[in-house]
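Visitor: Under the working numbering, the first residue of the sequence shown is numbered 44, with each subsequent residue one higher. The structure follows.
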Amino acid sequence: MKKIIVANWKMNPKTAKEAKKLFKSVSGFAKKSKKTEIILALPFVYLSLFGKNKIKLCGQDVFYKEQGAYTGEISPAMLKSLGVNYVIVGHSERRWKCDENDELINKKIKAGLKAGLKVILAIGEKQRDGSEFWKFLKNQIKNDLSDVPKKLAKNLIIAYEPVWTIGTKKPIYPKDLLETAIFIRRVLLDIFDRKTALGAKILYGGSVEPENAEKFLEVEGISGLLVGGASLDAEKFKQIIQLTFDA
Ligand code: PGA
Numbered sequence: 044m045k046k047i048i049v050a051n052w053k054m055n056p057k058t059a060k061e062a063k064k065l066f067k068s069v070s071g072f073a074k075k076s077k078k079t080e081i082i083l084a085l086p087f088v089y090l091s092l093f094g095k096n097k098i099k100l101c102g103q104d105v106f107y108k109e110q111g112a113y114t115g116e117i118s119p120a121m122l123k124s125l126g127v128n129y130v131i132v133g134h135s136e137r138r139w140k141c142d143e144n145d146e147l148i149n150k151k152i153k154a155g156l157k158a159g160l161k162v163i164l165a166i167g168e169k170q171r172d173g174s175e176f177w178k179f180l181k182n183q184i185k186n187d188l189s190d191v192p193k194k195l196a197k198n199l200i201i202a203y204e205p206v207w208t209i210g211t212k213k214p215i216y217p218k219d220l221l222e223t224a225i226f227i228r229r230v231l232l233d234i235f236d237r238k239t240a241l242g243a244k245i246l247y248g249g250s251v252e253p254e255n256a257e258k259f260l261e262v263e264g265i266s267g268l269l270v271g272g273a274s275l276d277a278e279k280f281k282q283i284i285q286l287t288f289d290a
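See below:
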C-alpha cells in the first residue's frame, strides 16, 4: 500500500513569496514520487495560490457550516472548490491553543466527510505516564467520531500525534507506537466494524525528522507520517519522502 506523507506547515512561512518558493521546491519532487501519497497542509491563504497543481492539498482546519454569517471561518465546500480534498481536524494546537473540544471537532469531522473531504483526524494524549492515557485516548476517539456514518469512515485517516512529542525533538518509541496503533484499531472496531478498523490508515506525527522517520515507517500498521517542522525545510522533507520508497 502507498505510504502517506503529510506536510503540516502550520502558520508558516511568513509571506506568500516564501510559500511559493517552498511549494516549488517540494512539489517538483513530490510530483515525481508516484509510490508515495504526498499531501501538503498549508495555511488557508496559501491554498488558493496552488489549487491548480497536481499536488494533493489539505486544509489545517475547517468549519462545520456550509456558508453564512461565520466571520473568519472556511467551509468544506470552499476548500473543495479550490481543489483541496483533505483537511486536518483536531490538531493538538487547535485543541490546546485554540480551545477546541471534542464536540466541535466531531461537528467538523462530520461536515468535512459529508462534503466529500478526506478527513485527517489528529488525536493524541498530553502525557504518557501511568495507564490513564489509554482511557483518555479511547474517550477522545469515541467522542470525536460519535455518530460518524460507517459508510463515510473510509475517508477518515487517523493521525496519532502524542502532544508531548510535537516540536519537542522527543518522538515516541517505535514499540509504543505499535502498541498504540493496535489500541486505536481496537477502538475503531468498537465504533465501526472489523473491515473499517482493519482498513483504517493510521499516521504518526511528532518530531519526525529524516534521521528517525524510517523506524516509524517500519512499524506495522502505520501508513505514513505527519511532518511539522521538518516539512518547512525542502531538503529534509525530500529525504523523508525518499525513505518511503523502500519502506
Ligand atoms: P512536528 O509537528 O513534526 O514539528 O513535531 C508535528 C505536527 O504538529 O503535526
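Every residue gets a Cβ at the ideal spot worked out from N, C-alpha and C, and that includes glycine.
(1) Our contact map puts Ile37 next to Gly264 with C-beta atoms below 8 Å; I'd like the distance itself, whole angstroms only.
(2) Apply the 10 Å Cβ neighbour rule to Asn186 and answer buried if 16 or more other Cβ atoms are within range, or exposed otherwise.
(3) Could you pull the start and end residues of the beta strand (DSSP E) that Thr79 belongs to?
(4) Return the CA-CA distance between Arg229 and Ala240, expressed in angstroms with no decimal places.
(5) On the CB-based measure, 16 or more other CB atoms within 10 Å of its CB, does Arg237 come out buried or exposed?
(6) Let me check understanding here. Comparing Cα to Cα, which of Asn128, Lys45, Asp104 lies closest to Glu143?
(7) Quick one: residues in its chain with C-beta nearer than 8 Å to the C-beta of Ile284, no 5 flanking neighbours on either side, listed in chain order?
(8) Quick one: what does DSSP say Tyr89 is sitting in, helix, strand or coil?
(9) Could you tell me how far apart the beta carbons of Lys161 and Asn182 are, in whole angstroms, since I believe they sit closer than 8 Å?
(10) Rounded to whole angstroms, what's the CA-CA distance from Gly155 to Asp219? Just pull it up for me.
(11) Let me know if Ser124 comes out buried or exposed under the rule of 16 or more other beta-carbons within 10 Å of its beta-carbon.
(12) Taking one C-beta from the segment 55 to 73 and one from the segment 109 to 123 each time, how about it: are there three or more such pairs within less than 8 Å?
(13) On the premise that Lys151 lies in contact with Phe106, defined as a C-beta separation below 8 Å, what is that separation, rounded to the nearest angstrom?
(14) Out of Leu164, Ser274, Lys140, which one is the CA nearest neighbour of Ser250?
(15) I want to check one thing, is the minimum distance from the CB of Val132 to the heavy atoms of the ligand PGA below 7 Å?
(16) Identify the continuous beta strand (DSSP E) that holds Lys99 and give its terminal residues.
(17) Classify Gly159: buried if its beta carbon has 16 or more other beta carbons within 10 angstroms, exposed otherwise.
(18) With H, G and I counted as helix, E and B as strand and the rest as coil, what does DSSP make of Gly248?
(19) Using only alpha-carbon positions, find the residue among Leu100, Met121, Glu257, Tyr203 that is nearest to Glu109.
(20) In angstroms, rounded to a whole number, what distance separates the CA positions of Leu85 and Ala62?
(21) Could you spell out where the alpha helix (DSSP H) holding Ala240 opens and where it closes?
Guide: Judging by the given coordinates:
(1) Only positions 44 to 290 of the chain appear in the structure, and residue 37 is not among them; the question remains open.
(2) Translated into the one-based positions of the sequence shown, residue 186 becomes position 143. By the neighbour-count rule (16 or more Cβ atoms within 10 Å), Asn186 is not buried but exposed.
(3) Here residue 79 refers to the residue found at position 36 of the sequence shown. First-last of the beta strand (DSSP E) with Thr79: 79 to 84.
(4) In the sequence shown, residue 229 corresponds to position 186, counting from 1. In the sequence shown, residue 240 corresponds to position 197, counting from 1. Distance between the alpha carbons of Arg229 and Ala240: 7 Å.
(5) In the sequence shown, the residue the question calls residue 237 occupies position 194. It is exposed - the Cβ of Arg237 has fewer than 16 other Cβ atoms within 10 Å.
(6) Here residue 143 is taken as the residue at index 100 of the sequence shown, counted from 1. The candidate whose alpha carbon is nearest that of Glu143 is Asp104.
(7) Locating residue 284 in the sequence shown gives position 241, where the first residue counts as 1. Only Ile48, Phe72, Ala73, Ser76, Thr79, Ile81 meet the Cβ criterion.
(8) Counting from one through the sequence shown, the residue named residue 89 turns up at place 46. In the structure shown, Tyr89 sits in a helix (DSSP, three-state: H, G or I).
(9) Within the sequence shown, residue 161 is the residue found at index 118, counting from 1. Within the sequence shown, residue 182 is the residue found at index 139, counting from 1. With 8 Å as the limit, Lys161 and Asn182 do not qualify as a contact, their Cβ atoms being about 24 Å apart.
(10) The residue given as residue 155 occupies position 112 in the sequence shown. The residue given as residue 219 occupies position 176 in the sequence shown. Gly155 and Asp219: Cα-Cα distance of roughly 30 Å.
(11) As a working note, residue 124 is residue 81 in the sequence shown. When all chains shown are included, Ser124 counts as exposed.
(12) no
(13) One-based indexing of the sequence shown puts residue 106 at position 63. One-based indexing of the sequence shown puts residue 151 at position 108. With 8 Å as the limit, Phe106 and Lys151 qualify as a contact, their Cβ atoms being about 7 Å apart.
(14) Looking up residue 250 in the sequence shown gives position 207. That would be Ser274, whose Cα lies nearest to the Cα of Ser250.
(15) If you number the sequence shown from 1, residue 132 lands on position 89. No - the ligand PGA has no heavy atom lying nearer than 7 Å to the Cβ of Val132.
(16) The residue given as residue 99 occupies position 56 in the sequence shown. Residues 99 to 102.
(17) For this step, residue 159 is matched to residue 116 along the sequence shown. So Gly159 counts as exposed.
(18) For this step, residue 248 is matched to residue 205 along the sequence shown. In this structure, Gly248 counts as strand in the three-state DSSP scheme.
(19) Taking the sequence shown and counting its residues from 1, the one referred to as residue 109 is at position 66. Per the Cα distances, Met121.
(20) Translated into positions along the sequence shown, residue 85 becomes position 42. Translated into positions along the sequence shown, residue 62 becomes position 19. When rounded, the distance between both Cα atoms is 9 Å.
(21) On the sequence shown, position 197 is the one that residue 240 refers to. Per DSSP, Ala240 belongs to the alpha helix (DSSP H) from 237 to 242.
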